[in-house]
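Letter 30 of the sequence shown, counting from 1, is numbered 31 in my numbering, and no numbers are missing. Glycine residues also receive a C-beta, built at the ideal position from the N, C-alpha and C atoms. For reference, the structure discussed in these notes is given below.
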Amino acid sequence: MGRRFRVEPVWWILAVFTAGGSTSLAPPNIPVGTVANVITRPGTAGQEVEVELVSDLERLQFVRIILYQPPTELAE
């Protein structure tokens, strides 16, 4: 099972990508995984999304380092 991330509202889409932006830790459009399940929680807790990751982190052997500066840092 993938890891759980809390986002709202949730639309059933096939792929999950990084969003990028000035507060992001990653550039936009990097594939993360696919939506495996959406859990509706009671009250104001919102929805919880289970994401099946694209990569098998247990078998990870090599990593590519991306030197990324968010757009606000580039403008300064």
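Cβ neighbours of residue 55 within its own chain (closer than 6 Å, five residues either side excluded): 32 and 34.
When beta bridges are read from the DSSP output, residue 48 appears opposite 41. For residue 29, the CB contacts under 8 Å within the same chain, skipping 5 residues up- and downstream, are 18, 19, 20, 21 and 22 in chain order. Residue pairing of residue 34 in beta bridges, as defined by DSSP: 17 and 54. Ranked by how close their Cα comes to the Cα of residue 16, the residues 57, 47 and 53 have 53 in first place. The DSSP-derived three-state label of residue 60 is helix.
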